[in-house]
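For the sequence shown, my numbering gives the first residue as 19, with consecutive numbering after it.
See structure below.
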Amino acid sequence: MPQSDTAILNFLRQRRSHPPKLLNDPPPARDALLELLELAARVPDHGKLEPWRFVVLTRPVLDRLAPELAEYVAAQGGDETAVDKARAAFGSPVIVAVISAPVESAKIPEWEQFLSAGAVCLGLVNAALAAGYGAAWLTGPAAQPEFAQAHLGVGPGERVVGLIHIGQRGAPPPDRPRPDIAAKTTFLA
Numbered sequence: 019m020p021q022s023d024t025a026i027l028n029f030l031r032q033r034r035s036h037p038p039k040l041l042n043d044p045p046p047a048r049d050a051l052l053e054l055l056e057l058a059a060r061v062p063d064h065g066k067l068e069p070w071r072f073v074v075l076t077r078p079v080l081d082r083l084a085p086e087l088a089e090y091v092a093a094q095g096g097d098e099t100a101v102d103k104a105r106a107a108f109g110s111p112v113i114v115a116v117i118s119a120p121v122e123s124a125k126i127p128e129w130e131q132f133l134s135a136g137a138v139c140l141g142l143v144n145a146a147l148a149a150g151y152g153a154a155w156l157t158g159p160a161a162q163p164e165f166a167q168a169h170l171g172v173g174p175g176e177r178v179v180g181l182i183h184i185g186q187r188g189a190p191p192p193d194r195p196r197p198d199i200a201a202k203t204t205f206l207a
């Protein structure tokens with residue numbers, strides 16, 4: 019009989035992202051954030067390629083990039099609402115860009131490496147939540163290749179997989195409707 023960890027199962031049962039507008043200062047201290055990144059990196063990684071990396075966006079960088087993102091969205095044809103939303107997109111105390119950085123491999127396809135980077139995103143959100151912070155995994159216009167290459171240090175062949183917003187928890191977010199798992203599951207016999 020497997021040994022279950024009730025505390026972890028309860029955490030997973032109750033976990034939910036905290037929208038960035040509900041996150042408050044201060045962000046995690048540098049050492050605490052590095053610990054969260056270390057935990058996030060404990061993901062499936064076939065071939066031990068580490069096909070991802072982190073770019074930490076602190077408050078001064080976020081303040082500098084907010085108008086740049088608004089200009090980018092306007093240049094892409096975004097309306098006033100989209101531009102305002104872009105201007106507010108960097109309001110979180112700290113944002114960690116998780117970058118898919120595929121490694122040349124004859125054995126491990128790029129799509130599998132990309133999934134490993136996605137697992138890092140969820141791992142970081144869960145580590146932040148477990149540590150008592152609020153967190154959310156978003157993308158949006160800042161993850162678009164043109165903006166990411168110009169402002170986030172994303173190189174050729176790399177992609178932003180997620181922008182993980184982290185801060186102090188504000189009011190608890192309402193739970194969202196959850197999927198009907200029976201309707202989404204097929205058992206083959």
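Just so you know, even glycine gets a beta-carbon here, dropped at the ideal spot from N, CA and C.
Got a sec, what are the start and stop residues for the alpha helix (DSSP H) residue i sits in?
i, result
"Ser134", "Glu128 to Ala148"
"Gln21", "Segment: none, Gln21 is in no alpha helix (DSSP H) and carries neither H nor E."
"Leu67", "Careful: Leu67 lies outside any alpha helix (DSSP H) and carries neither H nor E."
"Gln167", "Pro163 to His169"
"Leu40", "Leu40 -> no alpha helix (DSSP H), and no H or E assigned at all."
"Val116", "Taken as a continuous stretch (DSSP letters only), Val116 belongs to no alpha helix (DSSP H), being part of the beta strand (DSSP E) at Val112 to Ser118."
"Ala59", "Run containing Ala59: none; DSSP gives neither H nor E here."
"Leu206", "From DSSP, Leu206 is part of no alpha helix (DSSP H); its letter is neither H nor E."
"Pro125", "The identity of residue 125 in the sequence shown is Lys, whereas the question assumes Pro. Element bounds for Lys125: n/a, residue is neither H nor E."
"Thr99", "Glu98 to Ala106"
"Ala88", "Arg77 to Ala93"
When you compare only the Cα positions, how much space is there between residue i and residue j?
i, j, result
"Thr203", "Arg196", "14 Å"
"Val178", "Pro38", "18 Å"
"Leu40", "Gly136", "23 Å"
"Arg34", "Ala145", "12 Å"
"Gly185", "Ala207", "46 Å"
"Glu176", "Met19", "43 Å"
"Val112", "Asp23", "31 Å"
"Leu27", "Gly152", "19 Å"
"Glu122", "Glu130", "12 Å"
"Val101", "Ala124", "43 Å"
"Phe205", "Asp198", "15 Å"
"Asn42", "Val61", "28 Å"
"Gln94", "Gly158", "13 Å"
Based on Cα-Cα distance, which residue from the options lies nearest to residue i?
i, options, result
"Leu170", "Pro190, Phe29, Ala200 and Val73", "Val73"
"Ala160", "Leu57, Gly109 and Asp49", "Gly109"
"Phe132", "Asp49, Arg31 and Pro69", "Pro69"
"Ala168", "Ala47, Leu87, Pro44 and Leu67", "Leu87"
"Ala58", "Leu147, Leu156, Arg194 and Thr99", "Leu147"
"Arg105", "Glu89, Ser118, Ala200 and Cys139", "Glu89"
"Phe165", "Val138, Val91 and Cys139", "Val91"
"Trp155", "Phe29, Ser118 and His36", "His36"
"His64", "Pro120, Asp49 and His183", "Pro120"
"Leu140", "Pro85, Arg194 and Ile182", "Ile182"
"Ala47", "Arg31, Arg77 and Arg71", "Arg77"
Can you give the beta carbon distance from residue i to residue j, rounded, assuming they're within the 8 Å contact cut?
i, j, result
"Leu54", "Ala149", "6 Å"
"Gly180", "Val116", "5 Å"
"Leu142", "Val114", "6 Å"
"Ile126", "Leu52", "About 27 Å; that fails the 8 Å criterion."
In the DSSP assignment, the beta strand (DSSP E) including residue i goes from what residue to what residue?
i, result
"Val178", "Arg177 to Arg187"
"Ala154", "Tyr151 to Leu156"
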